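Presented below is the structure to which this report refers.
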Amino acid sequence: MEALNHLLVEYPELMFSGMGATAVVAGGALVYKLKKPSHANVNCWFCNQNTVVPYGNRNCWDCPNCDQYNGFQENGDYNKPIPAQYMENLNHGVSGGHPTSEPPKTLQWVNCQMLLCRKCNNNQASKIKQLASFIPRDDENYDEEIDSYKHHLEQTYKLCRPCQAAVEYYIKYQNRQLRTGLLNHQLRRSRETDKAFIKVTYDASSPIAVIFLRILAFLICAFLLASSSVDFFEQSASTSDTVIPPIPTDNKSAPKNYSNGIEHVWQGLRQLLPEETLEKSKEALQFGKESQIALVSLGLLTCLTSIFFAGPSRLRRIDAVTSVLWLLILCLGMAENVMPTASDWMGTATLCAVSLCCLFSFGAAVATRKPLGSRRARYRRSESEQ
Numbered sequence: 001m002e003a004l005n006h007l008l009v010e011y012p013e014l015m016f017s018g019m020g021a022t023a024v025v026a027g028g029a030l031v032y033k034l035k036k037p038s039h040a041n042v043n044c045w046f047c048n049q050n051t052v053v054p055y056g057n058r059n060c061w062d063c064p065n066c067d068q069y070n071g072f073q074e075n076g077d078y079n080k081p082i083p084a085q086y087m088e089n090l091n092h093g094v095s096g097g098h099p100t101s102e103p104p105k106t107l108q109w110v111n112c113q114m115l116l117c118r119k120c121n122n123n124q125a126s127k128i129k130q131l132a133s134f135i136p137r138d139d140e141n142y143d144e145e146i147d148s149y150k151h152h153l154e155q156t157y158k159l160c161r162p163c164q165a166a167v168e169y170y171i172k173y174q175n176r177q178l179r180t181g182l183l184n185h186q187l188r189r190s191r192e193t194d195k196a197f198i199k200v201t202y203d204a205s206s207p208i209a210v211i212f213l214r215i216l217a218f219l220i221c222a223f224l225l226a227s228s229s230v231d232f233f234e235q236s237a238s239t240s241d242t243v244i245p246p247i248p249t250d251n252k253s254a255p256k257n258y259s260n261g262i263e264h265v266w267q268g269l270r271q272l273l274p275e276e277t278l279e280k281s282k283e284a285l286q287f288g289k290e291s292q293i294a295l296v297s298l299g300l301l302t303c304l305t306s307i308f309f310a311g312p313s314r315l316r317r318i319d320a321v322t323s324v325l326w327l328l329i330l331c332l333g334m335a336e337n338v339m340p341t342a343s344d345w346m347g348t349a350t351l352c353a354v355s356l357c358c359l360f361s362f363g364a365a366v367a368t369r370k371p372l373g374s375r376r377a378r379y380r381r382s383e384s385e386q
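This is the structure in structure tokens:
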């Protein structure tokens with residue numbers, strides 16, 4: 001520890017360069033991980049449905065709703081060849097056979113020949129052919145012309161009454177089936193969301209290693225605060241043999257004799273502890289004062305390690321403030337060694353910074369988020385099932 005302290009005092013530029021490189025690398029990695037898009041929301045050109053795909057596949061993906069490929073160039077063509085457009089064996093055929101005597105109850109998609117008569121089937125086929133061969137007069141008004149032409153064909157090739165009734169009945173039946181499937185899907189999604197919520201709440205709690213590192217950083221900061229006050233302890237010990245006059249009860253002289261009251265308290269504490277314990281404590285505090293830069297470096301490294309182990313999901317403002325305070329204490333300690341003439345006000349600033357860092361380190365060690373109980377999760381699940 002002493003060798004490391006002497007090395008840092010003799011070559012302070014190594015510490016500055018190392019801390020700068022560490023801060024730049026850690027900050028860059030954290031910003032890259034937080035800002036890098038992992039998924040993208042895309043819209044299908046064919047069915048106009050939104051879906052989420054990986055960010056790298058935002059211009060080459062298959063729609064899960066209509067199974068159509070979405071990937072286009074600037075001129076509107078596909079950005080890759082699609083063999084199914086010109087190879088018949090890659091396309092599935094549509095059967096025109098009659099249905100079985102007992103169709104399944106969950107049947108949702110049927111052929112036109114299952115509902116329509118021969119005449120209506122022929123009319124629908126003619127309507128489809130005419131729509132496919134439609135050529136607009138003006139390409140800019142294609143949508144308006146195709147809508148009017150479609151309306152004209154609907155009026156020309158109307159369904160007969162039995163076929164119209166069969167189609168309306170089947171549409172109602174299909175709506176009931178889709179509504180039931182949608183409700184089941186929503187119920188399943190709500191249960192999966194509740195399970196994921198319970199898992200995330202338990203994962204949001206800090207690991208044991210992170211809690212241990214935060215407590216260790218607080219203990220290091222508390223030891224630094226105690227070692228920074230070693231001069232006061234030595235002064236109190238030197239005046240232990242002298243007789244301190246009693247504190248007057250006059251209110252005007254009370255602020256002047258406040259330090260005497262602190263010395264009385266310290267003398268009482270010293271009388272309760274054995275001399276051997278006091279000597280060992282004094283040696284430990286003196287060692288901490290001599291190795292202040294090394295201890296601050298260890299505390300800063302412990303704080304940054306706890307932030308790295310916690311990850312971006314558990315990153316808190318108090319952790320960032322604590323790391324900044326550790327860096328400030330390190331800079332003040334190195335500046336005090338480089339410029340001994342300004343040691344008076346730098347010592348006071350260092351003591352204030354160490355006190356604040358000790359307070360924030362204690363808050364970071366104690367204010368660890370706990371996972372929510374299962375009672376709240378059950379309450380949310382009951383609301384979603386209603």
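Going by the UniProt record's numbering, the first residue of the sequence shown is number 1, and it counts up by one from there. Glycine included, every Cβ here is placed at the ideal spot set by N, Cα and C. Bear in mind the structure is a predicted one, so any value in this text is a computation, not a measurement.
Three-state class that DSSP yields for residue i in the structure shown
i: Trp326; result: helix
i: Asp147; result: helix
i: Ala123; result: Inspection of the sequence shows that residue 123 is occupied by Asn rather than by Ala. Three-state result, Asn123: helix.
i: Tyr169; result: helix
i: Ala40; result: strand
i: Val86; result: It should be noted that the sequence gives Tyr, not Val, for residue 86. Three-state result, Tyr86: coil.
i: Pro54; result: strand
i: Asp62; result: strand
i: Tyr157; result: coil
i: residue 415; result: What the structure shows of the chain is the stretch from 1 to 386, and residue 415 is not part of that stretch, so it cannot be assessed.
i: Phe72; result: strand
i: Thr249; result: For Thr249, the predicted model reports a pLDDT of 47, less than 50, meaning its position is unreliable; a value from the coordinates is still stated below. Thr249 falls in the coil class under three-state DSSP.
Beta-carbon contacts of residue i that lie in its chain and below 8 Å, excluding the five residues immediately before and after
i: Phe72; result: Trp45, Asn59, Tyr78, Asn79
i: Cys160; result: Cys117, Lys119, Cys120
i: Gly288; result: Phe223, Leu224, Ala226, Ser227, Val230, Leu295
i: Asp330; result: Here the sequence assigns Leu to residue 330, which means Asp is not the residue at that position. Cβ neighbours of Leu330 beyond the five flanking positions: Met15, Met19, Ile293, Val296, Ser297, Leu300.
i: Val42; result: Asn50, Thr51, Val52, Val53, Arg58, Trp61, Asn70
i: Ala166; result: Leu115, Leu116
Same chain only: Cβ atoms within 7 Å of residue i, ignoring 5 sequence neighbours per side
i: Gln130; result: Leu153
i: Ala335; result: Met346
i: Lys150; result: Leu131
i: Thr302; result: Leu213, Leu216, Ala217, Ile220
Whether residue i touches residue j by CB criterion (7 Å)
i: Leu325; j: Cys357; result: yes
i: Trp366; j: Leu224; result: Note that residue 366 is Val in the sequence shown, not Trp. Going by C-beta atoms, Val366 is not nearer than 7 Å to Leu224.
i: Thr305; j: Leu213; result: yes
i: Val52; j: Trp61; result: no
i: Ile318; j: Gly363; result: yes
i: Ala310; j: Val210; result: yes
CA-to-CA distance, residue j to residue i, given in whole angstroms
i: Gln186; j: Arg179; result: 10 Å
i: Arg118; j: Arg191; result: 48 Å
i: Cys63; j: Glu74; result: 20 Å
i: Thr348; j: Ser228; result: 10 Å
i: Tyr86; j: Gly181; result: 36 Å
i: Thr350; j: Ile208; result: 31 Å
i: Asp147; j: Lys158; result: 16 Å
i: Pro83; j: Ser38; result: 30 Å
i: Glu275; j: Lys282; result: 10 Å
i: Gly333; j: Arg189; result: 57 Å
i: residue 414; j: Ala23; result: Any answer about residue 414 is impossible in this case: the structure gives the chain only from 1 up to 386.
i: Ala40; j: Asn70; result: 14 Å
i: Val338; j: Tyr55; result: 51 Å
i: Glu168; j: Pro162; result: 10 Å
i: Leu278; j: Gly27; result: 44 Å
i: Asn123; j: Phe134; result: 16 Å
i: Val25; j: Asp138; result: 60 Å
i: Leu359; j: Glu10; result: 31 Å
Same chain only: Cβ atoms within 6 Å of residue i, ignoring 5 sequence neighbours per side
i: Gln68; result: Phe46
i: Ser361; result: Ala217, Phe218, Cys221, Thr322
i: Gln49; result: Asn65
i: Pro136; result: Tyr142, Glu145
Item to check | Completely contained alpha helix (DSSP H) runs for the stretch 287 to 358, where each covers 4 or more residues | outcome: Segments of the alpha helix (DSSP H) lying fully in the stretch 287 to 358: 292 to 310, 317 to 338.
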